[in-house]
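Heads up, the thing below is written out as structure tokens.
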Amino acid sequence: MIKIEIENQGLAHEIYEFLRIIFPSYERGNFMCVKIEDELLKINSDEYNFIIPIKKSTNLQRYLKLELINQLKENQLEVPKWGVLHGIRPLKLIYNLLKDRDEEGVRNYLKKEYSVADEKINLAYEILNIQKDIISENIDNYSVYVHIPFCPSKCTYCSYHTLNSKSSMVEDYVNKLIEEIEFESKYLNKNPSSIYIGGGTPTSIGVNNLNNIIEILKDSFGDTKEFTVEAGRVETLTDEMIEMLSNNEVNRISINPQSMNLKTVKSINRINSIEELIECYNKAKPKFKDINMDLIIGLEDETEEDFINSLESVIKLNPTNIT
């Protein structure tokens, strides 16, 4: 268990997620306490003790994580090869850095400011070279992403900052989100190529709330080639929800089993059976042009055989995409 005693929730979340990567055994078994005391970040457990001075920094989160990496190296402990880049898209960062730096400058910046290993920088550039022609062809297009940070429960592998969908904050969030959609759309002079509602689990906030958001998006942004809603949790994709999404011309949804092995499904804190997932998929399939299904490689205690079984099971369902 990793116990975080930090008042700043944003900082607490970042530190917790970073420690999950470095010390995975502490998430469920061993105990680790993290707190800020006397202008020091203190990380204590039976095995490790790290003390990092709090300094004024334009990016305190990154500074603290870099200092922790330095202490890990000093103690000859393993460090993540992506450095402090976690929970974000590294290519997006590289594209932004390339606006005022050459490739060598970007590489040096990633190593110094994010502690990224050379092999991961090389991998990022390999992918960037594959993507650049596609991006240049669509340089004048834009997409709209709408974030719904609510879920029925938190999956064990999840690194996103999510809230319970039964929270009293749902209604306030939806109202403020609608205000922001209406405001932002005034400054865009053409329709987006795609709209994507993700999270979290957007379908967990209920039919009426999600319907209100979708209607405002359609009124504000007009027609779009692709309109996607993540429906990752089977128990939230009810018959009523399927009908509402279909009637609103949502043409792509994502149903995310993550694994087709029941033991794994239960261990990652999900409640559906495999049969319920298949039944839900079969109900949704006639209603949508595209259905994506997500699988995760490397879930705890899963073998290569387990993953191949999941992949073969999903292929039999014949979704439009498998991610």
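Counting in the UniProt record's numbering, the sequence shown runs from 1 upward without gaps. Glycine included, every Cβ here is placed at the ideal spot set by N, Cα and C.
Nearest-angstrom beta carbon gap, residue j and residue i [assumed within contact, 8 Å]
i: asparagine 269; j: threonine 156; result: 5 Å
i: aspartate 306; j: threonine 264; result: 7 Å
i: threonine 236; j: proline 152; result: 7 Å
Residue i vs residue j beta-carbon contact at 8 Å
i: isoleucine 214; j: lysine 287; result: no
i: serine 246; j: aspartate 294; result: no
i: serine 185; j: phenylalanine 221; result: yes
i: lysine 73; j: tyrosine 63; result: no
i: isoleucine 2; j: methionine 32; result: yes
i: isoleucine 291; j: lysine 283; result: no
i: valine 170; j: asparagine 209; result: yes
i: leucine 128; j: leucine 91; result: yes
i: phenylalanine 183; j: serine 167; result: no
i: glutamate 17; j: serine 159; result: yes
i: glutamine 258; j: leucine 299; result: yes
Host beta strand (DSSP E) of residue i (start-end)
i: tyrosine 196; result: 194-199
i: serine 143; result: 143-148
i: threonine 228; result: 226-230
i: valine 106; result: No beta strand (DSSP E) contains valine 106, which is instead part of the alpha helix (DSSP H) from 103-114.
i: serine 259; result: Looking at the DSSP string, serine 259 is not in any beta strand (DSSP E), and its letter there is neither H nor E.
i: leucine 245; result: Unbroken run through leucine 245 is the alpha helix (DSSP H), 239-247; no beta strand (DSSP E).
i: aspartate 100; result: No beta strand (DSSP E) holds aspartate 100; DSSP gives it neither H nor E.
i: methionine 32; result: 32-37
i: glutamate 5; result: 2-5
Residue interval of the alpha helix (DSSP H) (run including residue i)
i: cysteine 155; result: Element bounds for cysteine 155: n/a, residue is neither H nor E.
i: lysine 42; result: Segment 40-45 is the beta strand (DSSP E) holding lysine 42; no alpha helix (DSSP H) there.
i: serine 204; result: Neither: serine 204 is in no alpha helix (DSSP H) and is coded neither H nor E.
i: residue 402; result: Shown here, the chain extends from 1 to 323; a query on residue 402 therefore has no answer.
i: aspartate 172; result: 169-185
Buried versus exposed, by CB contacts within 10 Å (16 or more), residue i
i: glutamate 302; result: buried
i: asparagine 261; result: buried
i: lysine 65; result: buried
i: phenylalanine 227; result: buried
i: tyrosine 145; result: exposed
i: glycine 83; result: buried
i: arginine 252; result: buried
i: glutamate 103; result: exposed
i: threonine 162; result: buried
i: asparagine 256; result: buried
Any non-hydrogen atom of the ligand GTP closer than 7 Å to residue i Cβ
i: tyrosine 160; result: In the structure on display, the ligand GTP does not appear, and there are no ligands present to speak of.
Using 8 Å as the cut-off, can you tell me whether the segment 220-238 makes contact with the segment 197-210, which would need three or more C-beta pairs spanning the two stretches below that distance?
Because the criterion of three Cβ pairs below 8 Å is met, the segment 220-238 and the segment 197-210 touch.
Between the segment 87-98 and the segment 40-51, can you find at least three pairs of beta-carbon atoms closer than 8 Å?
Short answer: they don't touch.
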